[in-house]
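>
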RNA sequence: GCCUCGGUAGCCUAGCCCGGUGGGGCAUCGCCUUGGUAAGGCGGUGGUCGCGGGUUCAAAUCCCGCCCGAGGCUCCA
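Residue numbers (our numbering): 8 to 629.
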């Protein structure tokens with residue numbers, strides 16, 4: 008902050024014209040003030056409230072000495088070439104004004120954001136004219152940033168990399184033969200040497216828009232997504248599916264708040280162990296942060312619960328909508344990395360390492376199954392297992408069993424010391440068309456937080472103990488699952504296949520196209536029959552050529568398209584255009600229904616999220 | 001957050017270098033066409049040229065700042 012401080016006989020100023028959009032309201036009339044200390048003030052980049060207070064305190068010293076009682080804060084941008092943003096500057100100026108008033112100084116202020124004219128008469132004494140620069144102190148800056156200790160520690164973190172084979176052999180990554188494992192190589196490179204390859208726009212971003220699934224929302228912060236009806240359907244089905252899987256597994260679904268008190272002792276401590284940047288929120292006199300996972304809510308809940316070894320492993324689940332992480336702006340991309348995302352998060356509280364390992368393995372298998380049923384098989388992603396050296400020495404066999412279960416070589420990251428709250432974790436990573444990796448499912452063994460949150464169970468002898476806590480996201484963020492499915496579809500397109508979504512997630516499963524209006528009523532009857540069988544079917548009744556309507560069905564990635572006209576009325580069968588096989592197959596309606604139901608067996612269903620008739624549909628994109 | 005590139009109608013894009021009334025395609029609306037498996041024809045509507053400031057007689061075009069996006073760095077529980 009730069010201040011030109013002038014002890015004046017009088018100053019007269021008058022606002023002429025607004026310079027910027029956020030200029031304050033002011034009357035264009037002249038103001039005259041006498042016997043006053045004028046502070047021409049330029050707020051600079053990095054100035055904060057502490058700077059504002061410091062500036063006023065320095066001025067007050069002068070007031071004391073010179074027996075002056077009043078000041079004028081006069082925003083004056085011309086003192087600096089490194090100005091703060093106007094919105095920030097206005098805030099600081101207001102802080103100065105309020106602070107000065109609070110200290111009992113008679114305070115005046117010229118309006119911010121105006122072109123003003125002034126006349127000033129300055130006193131003749133040696134101290135009447137002073138120029139000052141106030142630099143925000145390092146201490147204050149640090150406090151403002153609130154980057155967690157873990158985030159800082161992570162920068163210094165030293166890792167050793169290996170490939171762990173299904174047979175239990177651990178090979179230093181530089182000695183491993185990747186010729187049969189190209190995707191793993193990409194993943195390893197991504198993780199270790201941080202090599203980046205491509206120049207193109209991420210394919211899933213184009214797809215999510217063209218398919219009218221999701222889009223950026225310019226009215227929000229970067230990394231917050233709007234979901235159109237078709238995307239909302241997909242996301243909702245995925246959410247239902249994962250939640251059902253977790254219920255089947257035996258987890259109890261709960262719901263917890265999205266924001267927490269920064270000052271809560273356990274939370275403040277935990278924040279420092281989690282390397283993420285939070286969204287901060289001020290409300291009345293409280294400072295709150297938005298959760299970045301379900302841990303807080305669940306831990307606080309379990310802290311208050313009464314349970315013993317008989318109830319363990321105790322499994323609690325929540326699908327957070329949303330978890331928030333204020334990722335650095337350059338890292339936020341499409342659906343791969345967001346600042347607000349929906350994450351299924353399941354914690355298991357275990358009595359001891361033996362129970363924890365057993366549960367860990369159960370969940371490992373469950374996660375593989377969850378991804379498989381969603382439409383991502385082991386060929387589509389790569390695994391990483393990460394642990395401390397110490398944990399590895401004592402549990403080699405168990406770690407090897409994970410790799411054996413996975414059945415493919417996995418990347419290993421070994422830490423010399425424990426930086427985080429866990430000793431062991433694994434993650435499944437989707438390697439995309441730009442050779443970038445994004446974590447999907449993950450699980451970790453937490454040895455720290457039970458104590459921090461004072462979570463305890465009663466053992467057989469009636470003694471209280473802290474449990475081990477497993478943190479698992481069975482699928483990873485739902486948005487990221489959509490990202491992986493879209494990237495996978497693009498990969499298949501590159502290989503000459505038609506890009507598709509899994510049938511159970513396709514917004515429209517069957518499209519019916521009558522050759523003319525004459526056949527609309529026939530088609531409606533077929534549609535009703537399919538609807539009764541929980542199939543999402545729609546009717547392209549638009550006055551467009553047949554060819555064009557077929558083209559549009561293909562561009563929407565619709566799995567089954569059926570043209571219906573005179574021939575079908577006569578034959579009773581209809582030709583099904585099957586996107587997957589690229590065939591035109593003559594089928595009976597019952598056969599098509601049977602084929603679809605077989606394919607979507609045991610998956611959740613939701614009806615069509617849009618009007619059944621294409622002629623009634625708005626266009627959300629393009 | 002830093003570096004590089006970009007932002008023209010709902011979408012894609014020409015014009016920008018070299019300043020002088022912004023042009024095309026798709027979509028939307030209307031009319032004609034009732035078609036047999038990936039784009040039928042004609043016409044109409046639609047633009048703060050990302051936002052703000054500057055230079056100039058004149059700015060989409062030149063300069064500065066900001067916002068948003070992409071790529072890279074970094075980061076990724």
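Each residue gets a CB set at the ideal place from its N, CA and C atoms; glycine is no exception. Here the structure is a predicted model, which is why all the values come from computation and not from measurement.
Excluding the 5 residues flanking residue 238 on each side, which residues of the same chain have their C-beta closer than 6 Å to its C-beta?
For the purposes of this step, residue 238 is taken as residue 231 along the first chain, with counting starting at 1. Around residue 238: 220 and 221.
> Which residues bound the alpha helix (DSSP H) around residue 543?
Looking up residue 543 in the first chain gives position 536. Note, residue 543: premise wrong, no alpha helix (DSSP H); not H, not E.
> I think residue 385 touches residue 375, with their Cβ atoms under 8 Å apart; what is that distance to the nearest whole Å?
To locate residue 385, count along the first chain from 1; it is residue 378. To locate residue 375, count along the first chain from 1; it is residue 368. Yes, residue 385 and residue 375 are in contact; Cβ-Cβ is about 7 Å, under 8 Å.
> Taking the C-alpha atoms as reference points, what is the distance between residue 308 and residue 458?
The sequence position of residue 308 within the first chain is 301, counting from 1. The sequence position of residue 458 within the first chain is 451, counting from 1. Roughly 14 Å separates the two Cα atoms.
> In its own chain, which residues sit with a C-beta less than 6 Å from the C-beta of residue 434, not counting the 5 before and 5 after it?
Taking the first chain and counting its residues from 1, the one referred to as residue 434 is at position 427. Within the same chain, residue 434 has close Cβ partners 391, 446 and 449.
> Between residue 76 and residue 288, what straight-line distance do the alpha-carbon atoms span, to the nearest angstrom?
What you label residue 76 is simply residue 69 of the first chain in a count that begins at 1. What you label residue 288 is simply residue 281 of the first chain in a count that begins at 1. Going from the Cα of residue 76 to the Cα of residue 288 covers about 37 Å.
> Answer yes or no: do residue 20 and residue 137 have a C-beta to C-beta separation smaller than 8 Å?
As a working note, residue 20 is residue 13 in the first chain. As a working note, residue 137 is residue 130 in the first chain. Not closer than 8 Å, so no.
> Starting from residue 60, trace the alpha helix (DSSP H) in both directions and tell me its first and last residue.
The residue given as residue 60 occupies position 53 in the first chain. Per DSSP, residue 60 belongs to the alpha helix (DSSP H) from 56-73.
> Three-state secondary structure (DSSP) at residue 421?
Position 414 of the first chain, counted from the start, is the residue given in the question as residue 421. Residue state, collapsed to three classes: strand.
> When you compare the CB positions of residue 486 and residue 306, do they come within less than 8 Å of one another, or not?
Position 479 of the first chain, counting from 1, holds the residue named residue 486. Position 299 of the first chain, counting from 1, holds the residue named residue 306. Against a cut-off of 8 Å, the Cβ pair of residue 306 and residue 486 comes out as no contact.
> With distances taken between CB atoms, is the gap from residue 368 to residue 396 smaller than 8 Å?
Against the first chain, residue 368 aligns to sequence position 361. Against the first chain, residue 396 aligns to sequence position 389. Contact: no.
> In whole angstroms, what separates the C-alpha of residue 44 from that of residue 105?
As a first step, residue 44 must be located in the first chain, where it is residue number 37. As a first step, residue 105 must be located in the first chain, where it is residue number 98. About 17 Å.
> Take the Cβ of residue 625 as the centre, count every other Cβ of all protein chains shown within 10 Å, and call the residue buried at 16 or more, exposed below.
One-based indexing of the first chain puts residue 625 at position 618. Exposed, because fewer than 16 other Cβ atoms sit within 10 Å of the Cβ of residue 625.
> Within the same chain, show all residues whose beta-carbon is closer than 6 Å to that of residue 139, passing over the 5 residues directly before and after it, in chain order.
Working through the first chain from its first residue, we reach residue 139 at position 132. Cβ within range, chain order: 10.
> Within 10 Å of its beta-carbon, does residue 501 have 16 or more other beta-carbons around it, so buried, or fewer, so exposed?
The residue you call residue 501 lines up with position 494 of the first chain. Residue 501 should be labelled exposed.
> Please classify residue 54 as buried or exposed, where buried requires at least 16 other C-beta atoms within 10 Å of its C-beta.
Counting from 1 along the first chain, the entry for residue 54 is found at position 47. Buried, because 16 or more other Cβ atoms sit within 10 Å of the Cβ of residue 54.
> Any contact between the segment 234-253 and the segment 311-321? By contact I mean 3 or more CB pairs, one from each, below 8 Å.
No, because fewer than three Cβ pairs between the segment 234-253 and the segment 311-321 fall closer than 8 Å, the two stretches do not touch.
> Could you tell me which uninterrupted beta strand (DSSP E) segments, each at least 3 residues in length, are contained entirely in the segment 437-483, listed from first to last along the chain?
With a minimum length of 3 residues, the continuous beta strand (DSSP E) runs that stay inside the segment 437-483 are 444-453 and 475-480.
> Tell me which same chain residues have a C-beta within less than 8 Å of the C-beta of residue 574, skipping the five on either side of it?
Taking the first chain and counting its residues from 1, one reaches residue 574 at position 567. There are no such residues.
> Can you say whether residue 225 is buried or exposed, counting buried as having 16 or more other CB atoms within 10 angstroms of its CB?
As a working note, residue 225 is residue 218 in the first chain. Exposed, because fewer than 16 other Cβ atoms sit within 10 Å of the Cβ of residue 225.
> How far does the alpha helix (DSSP H) with residue 368 in it extend, from its first residue to its last?
Residue numbering aside, residue 368 sits at position 361 when the first chain is read from its first letter. Taken as a continuous stretch (DSSP letters only), the alpha helix (DSSP H) holding residue 368 covers 360-381.
> Alpha carbon to alpha carbon, how far is residue 228 from residue 112? Give it in angstroms, no decimals.
The residue you call residue 112 lines up with position 105 of the first chain. The residue you call residue 228 lines up with position 221 of the first chain. Taking the straight line from one Cα to the other gives about 39 Å.
> Could you tell me the alpha carbon to alpha carbon distance between residue 355 and residue 120, rounded to whole angstroms?
For the purposes of this step, residue 355 is identified with residue 348 of the first chain, where counting begins at 1. For the purposes of this step, residue 120 is identified with residue 113 of the first chain, where counting begins at 1. Answer to the nearest angstrom: the Cα atoms are 56 Å apart.
> Based on DSSP bridge pairs, tell me the residues matched to residue 223.
What you label residue 223 is simply residue 216 of the first chain in a count that begins at 1. Bridge partners of residue 223: 232.
> Starting from residue 129, trace the beta strand (DSSP E) in both directions and tell me its first and last residue.
In the first chain, the residue the question calls residue 129 occupies position 122. Where residue 129 is concerned, the enclosing beta strand (DSSP E) stretches over 121-129.
> Can you tell me which of 492, 41 and 399 puts its alpha carbon nearest to the alpha carbon of residue 387?
Numbered from 1 along the first chain, position 380 holds the residue referred to as residue 387. Closest by alpha carbon: 492.
> Note down the Cα distance separating residue 173 from residue 413, rounded to an integer number of angstroms.
As a first step, residue 173 must be located in the first chain, where it is residue number 166. As a first step, residue 413 must be located in the first chain, where it is residue number 406. Computed Cα separation, rounded: 7 Å.
> Going by DSSP in three states, residue 208 sits in which element: helix, strand or coil?
The residue you call residue 208 lines up with position 201 of the first chain. In this structure, residue 208 counts as coil in the three-state DSSP scheme.
> Residue 81 by DSSP, collapsed to three states: which one?
For the purposes of this step, residue 81 is taken as the residue at position 74 of the first chain. Of the three classes helix, strand and coil, the one that applies to residue 81 here is strand, per DSSP.
> May I have a chain-ordered list of the beta strand (DSSP E) segments no shorter than 3 residues that lie completely inside the segment 241-308?
Listed in chain order, the complete beta strand (DSSP E) runs (minimum 3 residues) inside the segment 241-308 are 266-268, 287-290 and 293-297.
> Output needed for residue 522: all residues of its chain with C-beta closer than 8 Å, excluding positions within five of it in sequence on either side, in chain order.
Counting from 1 along the first chain, the entry for residue 522 is found at position 515. Excluding positions up to five away in sequence, the list reads 553, 570, 571, 572 and 573.
> Give the straight-line distance between the Cα atoms of residue 511 and residue 611, rounded to the nearest whole angstrom.
Here residue 511 is taken as the residue at index 504 of the first chain, counted from 1. Here residue 611 is taken as the residue at index 604 of the first chain, counted from 1. Near 8 Å, if we compare the C-alpha coordinates of residue 611 and residue 511.
> Compute the Euclidean distance between the alpha carbons of residue 127 and residue 13, then round it to the nearest angstrom.
For the purposes of this step, residue 127 is taken as residue 120 along the first chain, with counting starting at 1. For the purposes of this step, residue 13 is taken as residue 6 along the first chain, with counting starting at 1. Computed Cα separation, rounded: 9 Å.
> Would you kindly check if the distance between the Cβ of residue 339 and the Cβ of residue 394 is under 8 Å?
What you label residue 394 is simply residue 387 of the first chain in a count that begins at 1. What you label residue 339 is simply residue 332 of the first chain in a count that begins at 1. Contact: no.
> Closer than 7 Å to a non-hydrogen atom of the ligand ZN - does that hold for the CB of residue 66?
Judged by which ligands are present, the structure shown has none, so any question about the ligand ZN falls away.
> To the nearest angstrom, report how far apart residue 524 and residue 595 are at their CA atoms.
Within the first chain, residue 524 is the residue found at index 517, counting from 1. Within the first chain, residue 595 is the residue found at index 588, counting from 1. Taking the straight line from one Cα to the other gives about 22 Å.
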